[in-house]
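First residue of the sequence shown: 3, per the working numbering; consecutive thereafter. Backbone N, C-alpha and C fix where the C-beta goes; we use that ideal spot for every residue, glycine too. A quick note: this is a predicted structure, and the numbers were derived from the prediction, not measured.
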Amino acid sequence: MSATLHNPYREPEGRWIRGNFHCHCSEKSGCSTVPLADGVRRYHEIGSRFLAVTDHDCVTGLSEIAARYPDMIFLEGFEYSKCENVLFIGEKVPPLHHGTLDDALTGAGGLLTVICHPQPHPDEEYWPFDKIIALPRLPDGIEIYNGHYGIESMTARGITPLYTALWDRLLTAGRRLWGFANDDFHDPADFDNAFNMALVREPSAAAVLDAAKNGRFYASTGLLLDRVSEDGGRISVAVADDCAGRFIGHGGAVLAEDAGRTFEYEATDEAYIRFEAEAESGKLFLQPMFRTRG
Numbered sequence: 003m004s005a006t007l008h009n010p011y012r013e014p015e016g017r018w019i020r021g022n023f024h025c026h027c028s029e030k031s032g033c034s035t036v037p038l039a040d041g042v043r044r045y046h047e048i049g050s051r052f053l054a055v056t057d058h059d060c061v062t063g064l065s066e067i068a069a070r071y072p073d074m075i076f077l078e079g080f081e082y083s084k085c086e087n088v089l090f091i092g093e094k095v096p097p098l099h100h101g102t103l104d105d106a107l108t109g110a111g112g113l114l115t116v117i118c119h120p121q122p123h124p125d126e127e128y129w130p131f132d133k134i135i136a137l138p139r140l141p142d143g144i145e146i147y148n149g150h151y152g153i154e155s156m157t158a159r160g161i162t163p164l165y166t167a168l169w170d171r172l173l174t175a176g177r178r179l180w181g182f183a184n185d186d187f188h189d190p191a192d193f194d195n196a197f198n199m200a201l202v203r204e205p206s207a208a209a210v211l212d213a214a215k216n217g218r219f220y221a222s223t224g225l226l227l228d229r230v231s232e233d234g235g236r237i238s239v240a241v242a243d244d245c246a247g248r249f250i251g252h253g254g255a256v257l258a259e260d261a262g263r264t265f266e267y268e269a270t271d272e273a274y275i276r277f278e279a280e281a282e283s284g285k286l287f288l289q290p291m292f293r294t295r296g
């Protein structure tokens with residue numbers, strides 16, 4: 003009997019565009035060393051076509067820089083930093099950073115909200131699981147890879163950029179969060195270490211936000227997707243480079259794994275299934291497909 007899945011990629015119309023939901027500039031974030039104009043130029047040169055500027059506890063004005071790059075989509079935002087950090091992103095973002103995090107989440111409305119770098123230190127929980135599930139409003143997603151914490155100076159200190167174990171724990175507990183990869187650009191070493199590919203129907207801020215809030219995107223550190231499809235619970239994935247790929251399910255268990263460029267899995271009664279892969283070019287993380295109950 004075939005399984006019925008909620009598949010965020012079911013509607014293939016549109017095109018994939020590359021972008022980042024988490025970066026800073028030296029004018030507004032004291033931890034950053036790169037001016038806004040230099041950072042945006044870098045993103046434009048590598049083909050990024052959407053960008054959220056998320057300085058710490060302030061909304062950076064983007065109208066002037068947006069006029070210089072009419073082929074890019076700019077999103078306002080901020081990184082709430084008064085406690086465990088959360089990104090707030092939208093076409094226009096009110097100054098919710100002045101209040102408590104609970105108040106900001108409650109008042110976020112249609113904004114995209116993403117938990118930042120939840121567990122960079124393996125020996126301590128920066129964003130404890132219990133604190134996440136107790137939030138008054140569950141964010142849309144969680145950073146499963148943060149490029150700033152993946153640079154050599156960080157990893158040499160035992161810091162990790164990868165948070166898929168926490169993601170699987172949340173998914174297993176029935177919390178439907180999407181997984182994001184951002185470079186969290188502060189310094190030149192951080193740049194382009196991670197990004198997201200969004201499937202949009204037209205090149206607009208509204209379309210990017212809709213894709214991000216509904217899981218029509220994938221997270222990457224370099225490996226690209228060729229195609230993903232699902233029919234009656236049979237999932238098919240093709241990627242651009244030879245890689246080690248695996249399907250992951252409840253509790254973070256590996257459901258199937260193989261090597262190559264094409265991968266298939268037939269769902270049965272799994273609560274969720276997600277695909278991840280790693281190649282010389284980098285990692286790739288698809289969004290989970292959830293078993294529907296009817």
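Span of the alpha helix (DSSP H) around residue i
i, result
"V116", "That residue, V116, is in no alpha helix (DSSP H); its beta strand (DSSP E) goes 114–117."
"T174", "166–174"
"Y11", "First-last for Y11: undefined, no H or E at that position."
"E47", "38–47"
Coarse secondary structure for residue i, derived from DSSP in three states
i, result
"S153", "A quick correction: the sequence has Ile, not Ser, at residue 153. I153: coil per DSSP, three-state reduction."
"V61", "coil"
"Y128", "coil"
"I135", "helix"
"I161", "coil"
"D73", "coil"
"V95", "coil"
"V241", "strand"
"Q29", "Per the sequence presented here, residue 29 reads as Glu, with Gln not at that position. DSSP places E29 in coil when its eight states are reduced to three."
"K215", "helix"
"A279", "strand"
"L107", "helix"
"E66", "helix"
"A209", "helix"
Buried/exposed call for residue i, threshold 16 Cβ in 10 Å
i, result
"V55", "buried"
"V256", "exposed"
"C245", "buried"
"K94", "exposed"
"T294", "exposed"
"C118", "buried"
"T62", "buried"
"G176", "exposed"
Pair within 9 Å by beta-carbon distance, residue i and residue j
i, j, result
"D194", "I67", "no"
"E15", "R203", "yes"
"L53", "N22", "yes"
"G143", "T166", "no"
"N148", "A196", "yes"
"A200", "S155", "no"
"G217", "P290", "yes"
"R139", "T108", "yes"
"A69", "F90", "no"
"G284", "L227", "no"
"A258", "Y267", "yes"
"F219", "I237", "no"
Whole-number beta carbon distance between residue j and residue i, since they are thought to touch under 8 Å
i, j, result
"G247", "Y274", "About 17 Å; that fails the 8 Å criterion."
"H100", "E81", "At roughly 14 Å, the Cβ-Cβ gap does not stay under 8 Å, so H100 and E81 are not in contact."
"A183", "F76", "Wrong, their Cβ atoms sit about 20 Å apart, outside the cutoff."
"C25", "F187", "4 Å"
"G253", "D170", "7 Å"
Extent of the continuous beta strand (DSSP E) to which residue i belongs
i, result
"N1", "Residue 1 lies beyond the stretch modelled for the chain, which goes from 3 to 296, so this question has no answer here."
"D233", "227–233"
"N198", "197–202"
"K285", "284–287"
"L53", "52–54"
"R177", "From DSSP, R177 is part of no beta strand (DSSP E); its letter is neither H nor E."
"D260", "255–268"
"F292", "291–293"
"G21", "17–22"
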